[in-house]
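First up is the structure itself, then whatever we jot down about it.
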Amino acid sequence: MKLSLVIALVALVLMAQAQSGVQDASDLVVVKFSCGQYEERSHMIRSVQQPDPPMNEPITINKSTVNEPQEVLNRRDIQERRADMKTAEINAALSSQKGSRIYFYRLEVKNASTKGVKSFAWTYQSAESSDPSDRQFFCVVKAKPNESKAFELFTPLAPSRVVDAAKAGNKSENNDKGKVIINKIEYMDGSVWKRPAWNPATFSAAATEKVASGKCIGL
Numbered sequence: 002m003k004l005s006l007v008i009a010l011v012a013l014v015l016m017a018q019a020q021s022g023v024q025d026a027s028d029l030v031v032v033k034f035s036c037g038q039y040e041e042r043s044h045m046i047r048s049v050q051q052p053d054p055p056m057n058e059p060i061t062i063n064k065s066t067v068n069e070p071q072e073v074l075n076r077r078d079i080q081e082r083r084a085d086m087k088t089a090e091i092n093a094a095l096s097s098q099k100g101s102r103i104y105f106y107r108l109e110v111k112n113a114s115t116k117g118v119k120s121f122a123w124t125y126q127s128a129e130s131s132d133p134s135d136r137q138f139f140c141v142v143k144a145k146p147n148e149s150k151a152f153e154l155f156t157p158l159a160p161s162r163v164v165d166a167a168k169a170g171n172k173s174e175n176n177d178k179g180k181v182i183i184n185k186i187e188y189m190d191g192s193v194w195k196r197p198a199w200n201p202a203t204f205s206a207a208a209t210e211k212v213a214s215g216k217c218i219g220l
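Residue numbers (our numbering): 2 to 220.
And the structure:
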């Protein structure tokens with residue numbers, strides 16, 4: 002009788018540990034990430050991971066004059082329109098924050114869950130250990146199972162509140178060890194996953210409700 006009770010208790014403990022392991026793991030996998038400072042004067046984007054641009058030259062789009070199939074021309078036209086839209090977004094960020102530095106965050110995630118993802122919160126951890134000053138973000142997405150989504154955010158929020166992010170462009174500071182940590186996932190079915198021990202930033206309901214699909218806000 003005692004042996005049966007011990008076996009049952011061990012089985013319950015193992016089951017609880019297995020369930021805890023599943024709950025602790027995020028179903029949203031970070032595929033790519035980069036961040037850096039956007040330089041207003043030269044209209045260049047400087048990456049924290051690759052801080053040294055080759056020259057202070059403006060970014061230009063080379064348009065081919067060679068006769069190409071209509072499908073190729075259409076694809077090129079779509080790409081150019083997206084580039085124009087992104088330029089407009091950057092200019093809007095610059096005009097709304099005159100005299101401020103603008104930073105970019107690029108993130109690609111993959112939904113490894115069997116459920117659709119509606120939104121998620123994440124942190125950019127600029128050092129090896131977490132810090133209360135780490136930047137936190139909220140993104141709205143419609144990601145089906147096994148689907149990848151990319152985000153791009155331009156903001157006056159530097160990668161770190163404590164360390165001057167402008168120094169990230171110096172060679173002496175080329176030791177960035179930042180990483181993305183998923184804190185919260187809201188699924189299409191209404192269920193929610195949260196990272197254990199996560200101290201959530203305060204996102205007002207009014208702010209999160211205004212975020213369009215495919216967009217992010219930072220805090």
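Glycine residues also receive a C-beta, built at the ideal position from the N, C-alpha and C atoms.
Expressed to the nearest angstrom, what Euclidean distance is found between the alpha-carbon atoms of Ile62 and Tyr39? Model confidence at Ile62 stands at a pLDDT of 38, short of 50, so the residue's coordinates are unreliable; what they give is reported in the following sentence. If I take the Cα positions, the gap works out to 18 Å.
Beta-carbon proximity list for Leu154, same chain, < 6 Å, skipping 5 on both sides: For Leu154, where only same-chain residues beyond five positions count, the Cβ hits under 6 Å are Tyr106, Cys217.
When the Cα atoms are used, what is the spatial distance from Lys180 to Asn75? Approximately 37 Å between the Cα atoms of the pair.
I need the straight-line Cα distance from Leu220 to Glu129, nearest angstrom please. Each residue's alpha carbon lies about 20 Å from the other.
Spatial neighbours of Trp194 in its chain, beta-carbon cut-off 6 Å, leaving aside the 5 residues before and after: Excluding sequence neighbours, Trp194 sits near Ile186.
Leaving out five residues on either side along the sequence, give the residues of the same chain with a beta carbon under 6 Å from the beta carbon of Phe34. The residues Leu108, Val181, in chain order, have a CB closer than 6 Å to that of Phe34 in the same chain once the five nearest residues on each side in sequence are set aside.
Would you kindly work out how many angstroms separate the C-alpha atoms of Ala206 and Val212, rounded to a whole number? For the pair Ala206 and Val212, the Cα-to-Cα distance works out to about 10 Å.
How would you label Asn184, buried or exposed, when you count the other beta carbons within 10 angstroms and need 16 or more for buried? Per the 10 Å Cβ criterion, buried.
Nearest CA to the CA of Ile103: which residue from Gln126, Cys36, Val110? Nearest neighbour of Ile103 by Cα position, chosen from Gln126, Cys36, Val110, turns out to be Cys36.
Provide the residue(s) that pair with Gly219 in DSSP beta bridges, ordered along the chain. Answer is Phe138, bridged to Gly219.
What did DSSP end up calling Asn147 once you bin it into helix, strand or coil? In the three-state DSSP reduction, Asn147 falls in the coil class, being neither helix nor strand.
Nearest-angstrom Cβ-Cβ length linking Pro160 and Arg136, presumed shorter than 8 Å: About 6 Å; that satisfies the 8 Å criterion.
Sequence-distant residues of the same chain with beta carbon closer than 7 Å to Asp190, five excluded per side: Taken in chain order, the residues that qualify are Lys116.
Quick one, are the C-beta atoms of Val141 and Leu29 less than 7 Å apart? Contact: no.
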